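So the structure is just underneath, and the comments pick up after that.
Protein chains: 2
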Amino acid sequence: MIETGARRREIDEVASELFYANGYAATSVRDIARALDIQGASLYAHVASKEDLLWSIVDRAATAFEEAVERALAETSSGDPVERLAAFVEAHVEVATAEPDRSSVFIFEWRHLSPQRREAIGARRDAYEERLRGLIVDGLAIGAFAGVDPTLATTFILTALNGIAAWYRAEGPLSPDRIADQYVALALRSLSEDHP
Amino acid sequence: MIETGARRREIDEVASELFYANGYAATSVRDIARALDIQGASLYAHVASKEDLLWSIVDRAATAFEEAVERALAETSSGDPVERLAAFVEAHVEVATAEPDRSSVFIFEWRHLSPQRREAIGARRDAYEERLRGLIVDGLAIGAFAGVDPTLATTFILTALNGIAAWYRAEGPLSPDRIADQYVALALRSLSEDHP
DNA sequence: CGCGGACCCTAACGATCGTTAGGTAGGAGG
DNA sequence: CCTCCTACCTAACGATCGTTAGGGTCCGCG
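Taken in order, these protein sequences are the chains called S and L. Take the first sequence: its position 115, counting from 1, is numbered 1572 in the numbering used here, and each next residue is one higher. Take the second sequence: its position 81, counting from 1, is numbered 1538 in the numbering used here, and each next residue is one higher.
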């Protein structure tokens, strides 16, 4: 039974910030508690373990990416791989900028999960990547893209996308929309044949 | 006085592997020692502190990237920003694939350095990024590139490049040359105007 | 008024952390 | 043979780690 109370949400939020700022392993339970003005041991009234805390953050973020892309692709009635890929990138940027802390922890700290959970998240990440790769393969098949190894192109684009959560801050000068527009353009162009 | 003995090199290598695999904070001094079949305390005959070990890895990797790009750009007699950017990407890929562990630690673990060292590395990373940005700005100026915000394009490409060290393994099926070729193509295309 | 439950406390546990002190074995060079 | 040096050892330090046990306060609901 997963706790979902208001206090539990606050804990998730504070933990996300600290895990993002200092990394999971370098953040102690007492660090998180201090940010909440309580004692370290008091956290265990809400959380079963430190790793459970990481898991709840990672799982929530993974779900957010999955659902956003799912929704975006479902809403794109067009079968055009170019448009679908644009929708994928846009959705990813939206989630990454809406919750950069959580997203960053998901992307960079998931290796600290227990072996079983790490494996589960690994499979979901693989599926996510495969989804992107499928769009690129489709685009290559109809000639919308050309001259790239789909696997490498997928990695290229996805690592660039994942980087966003690491550097984006809401206080910065860049709006999520502008980032999305630019990243869509950069990604699509990278897949297109050089103009002859 | 920095030690440079053969044993010290081994220690750097083993530490790079472990820091890459588990992260700096999650790797104990005793973990490193165990991989060398010695006692934890024995490491301190070669290293002043755990953070010194991280620093030597990060500094060496940073220097490798800086020098490789410096050399590549110096050897590219052409003033063409497109060719120069290709040389930049190629050099980066070469270093990242030649020493993926060290490179990965440099890219993802430098925040665990002491404040002064972190600041120093931050400045060098900024300079590196600025170097790439300069090439993109130059390309935009002569019309070789178009339609991108140079700062966002720089981040897009550099995060994709930095990702390589995280996933590349020498045992994998991809040769460094092939990755370099593909990444050069992907990067250059991403900066080019859509074919009309 | 009584009671459960949400919330936090203090105290402490065993383990592990980075690091220091002091000592020993063996080989190289005089 | 003696000495220095490199390399490693054992033992231990204080600090901090994640976590458990048990108790207390206060509020809302019956």
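Where is the CB? At the ideal position from N, CA and C, for every residue including glycine. On a predicted model such as this, the values are computed, not experimentally measured, just so you know.
Given that a residue counts as buried once 16 or more other Cβ atoms are within 10 Å of its Cβ, and exposed if not, what is Tyr1660/L?
Only positions 1458 to 1653 of chain L appear in this structure, which leaves residue 1660/L out of reach.
Closest to Gly1629/S by CA distance: which of Pro1557/S, Phe1522/S and Glu1523/S is it?
By 1-based counting over the first sequence, the position of residue 1629/S is 172. Of the candidates Pro1557/S, Phe1522/S and Glu1523/S, the one whose C-alpha sits nearest the C-alpha of Gly1629/S is Pro1557/S.
Would you tell me roughly how many angstroms separate the C-alpha atoms of Val1550/S and Ala1644/S, rounded to the nearest one?
Position 93 of the first sequence, counted from the first residue, corresponds to residue 1550/S. Position 187 of the first sequence, counted from the first residue, corresponds to residue 1644/S. Their backbone Cα atoms lie some 12 Å apart in a straight line.
Could you work out which residue in Leu1631/S, Ala1498/S, Thr1520/S and Arg1466/S is closest to Ala1584/S when comparing CA atoms only?
As a working mapping, residue 1584/S is identified with position 127 in the first sequence. Out of Leu1631/S, Ala1498/S, Thr1520/S and Arg1466/S, Thr1520/S has the C-alpha closest to the C-alpha of Ala1584/S.
Check for me: the alpha helix (DSSP H) holding His1549/L runs from which residue to which?
By one-based count along the second sequence, residue 1549/L stands at place 92. Pro1538 to Ala1555 is the extent of the alpha helix (DSSP H) around His1549/L.
For Glu1586/L and Trp1567/L, I'd like the C-alpha separation in whole angstroms.
Residue mapping note: residue 1586/L aligns to position 129 of the second sequence, counting from 1. Residue mapping note: residue 1567/L aligns to position 110 of the second sequence, counting from 1. One C-alpha to the other measures close to 16 Å.
Among residues of its own chain, excluding the 5 on either side of Gln1496/L, which ones have a beta-carbon nearer than 7 Å to its beta-carbon?
Residue numbering aside, residue 1496/L sits at position 39 when the second sequence is read from its first letter. Answer for Gln1496/L: Ala1490, listed in chain order.
Residues in its own chain within less than 6 Å of Arg1582/L by CB, not counting five upstream and five downstream?
What you label residue 1582/L is simply residue 125 of the second sequence in a count that begins at 1. Excluding positions up to five away in sequence, the list is empty.
Using a beta-carbon distance below 8 Å, is Arg1646/S in contact with chain L?
Taking the first sequence and counting its residues from 1, one reaches residue 1646/S at position 189. Chain L contact via Cβ: present.
How big is the Cα-Cα spacing for Ser1506/S and His1569/L?
As a first step, residue 1506/S is located in the first sequence; it is residue number 49 there, counting from the start. As a first step, residue 1569/L is located in the second sequence; it is residue number 112 there, counting from the start. Approximately 24 Å between the Cα atoms of the pair.
Would you say Val1605/L faces chain S, with C-beta separation under 8 Å as the test?
Working through the second sequence from its first residue, we reach residue 1605/L at position 148. Yes, Val1605/L lies at the interface with chain S (some Cβ there is under 8 Å from its Cβ).
Taking CB distances under 8 Å as the criterion, tell me whether Met1458/L reaches chain S.
Start at 1 with the first residue of the second sequence, and residue 1458/L comes out as number 1. With a pLDDT of only 47 at Met1458/L, under the threshold of 50, the placement of this residue in the model should not be trusted, and no figure is reported.
Shorter than 8 Å from the beta carbon of Ile1593/L to some beta carbon of chain S?
Taking the second sequence and counting its residues from 1, one reaches residue 1593/L at position 136. No, no contact with chain S.
Taking just the CA atoms, how far does Gln1639/S sit from Asp1606/L?
Looking up residue 1606/L in the second sequence gives position 149. Looking up residue 1639/S in the first sequence gives position 182. Each residue's alpha carbon lies about 7 Å from the other.
Buried or exposed: which applies to Glu1547/L, given that a residue is buried once 16 or more other Cβ atoms fall within 10 Å of its Cβ?
Translated into the one-based positions of the second sequence, residue 1547/L becomes position 90. That one is buried.
Can you check whether the C-beta of Ile1489/S is within less than 8 Å of a C-beta belonging to chain L?
One-based indexing of the first sequence puts residue 1489/S at position 32. By this cut-off, Ile1489/S is not an interface position.
If distances are taken between C-alpha atoms only, which option among Arg1588/S, Ala1531/S, Ile1468/S and Ser1561/S comes closest to Thr1608/S?
In the first sequence, the residue the question calls residue 1608/S occupies position 151. Here the closest residue by C-alpha is Arg1588/S.
Compare the beta carbon distance of Trp1624/S and Thr1612/L with 8 Å and say whether it is the shorter of the two.
Against the first sequence, residue 1624/S aligns to sequence position 167. Against the second sequence, residue 1612/L aligns to sequence position 155. Going by C-beta atoms, Trp1624/S is nearer than 8 Å to Thr1612/L.
Note down, in chain order, all residues in the region 1618 to 1648 of chain L with a beta-carbon under 9 Å from any beta-carbon belonging to chain S.
For the region 1618 to 1648 of chain L, which is checked against every Cβ of chain S, the residues closer than 9 Å are Leu1618, Asn1619, Gly1620, Ile1621, Ala1623, Trp1624, Leu1631, Arg1635, Ile1636, Gln1639, Tyr1640, Ala1642, Leu1643, Ala1644, Leu1645, Arg1646, Ser1647 and Leu1648.
State yes or no: is the C-beta of Arg1559/S within less than 8 Å of the C-beta of Ile1514/S?
If you number the first sequence from 1, residue 1559/S lands on position 102. If you number the first sequence from 1, residue 1514/S lands on position 57. It is a contact, given that the beta carbons lie within the stated cut-off.
Apart from the five residues just before and just after Gly1600/L, which ones in its own chain have a Cβ nearer than 6 Å to its Cβ?
For the purposes of this step, residue 1600/L is taken as the residue at position 143 of the second sequence. Taken in chain order, the list of residues that qualify is empty.
From the DSSP output, in three-state form, read off His1503/L for me.
For this step, residue 1503/L is matched to residue 46 along the second sequence. Coil.
Quick check on Val1605/S: does DSSP put it in helix, strand or coil?
As a working mapping, residue 1605/S is identified with position 148 in the first sequence. Val1605/S: coil per DSSP, three-state reduction.
Would you tell me roughly how many angstroms separate the C-alpha atoms of Ser1485/L and Thr1554/S, rounded to the nearest one?
By one-based count along the second sequence, residue 1485/L stands at place 28. By one-based count along the first sequence, residue 1554/S stands at place 97. Going from the Cα of Ser1485/L to the Cα of Thr1554/S covers about 34 Å.
On a Cα-Cα basis, can you pick out the residue from Glu1576/L, Phe1565/L, Gly1604/L and Arg1635/L that is closest to Tyr1477/S?
Along the first sequence, one-based indexing puts residue 1477/S at 20. It is Phe1565/L.
Which residues in chain S have a C-beta closer than 7 Å to the C-beta of Ala1483/L? List them in chain order.
For the purposes of this step, residue 1483/L is identified with residue 26 of the second sequence, where counting begins at 1. Per Cβ cutoff of 7 Å: Ala1482 and His1569.
Can you check whether the C-beta of Phe1613/S is within less than 8 Å of a C-beta belonging to chain L?
Here residue 1613/S corresponds to residue number 156 of the first sequence, with the count starting at 1. By this cut-off, Phe1613/S is an interface position.
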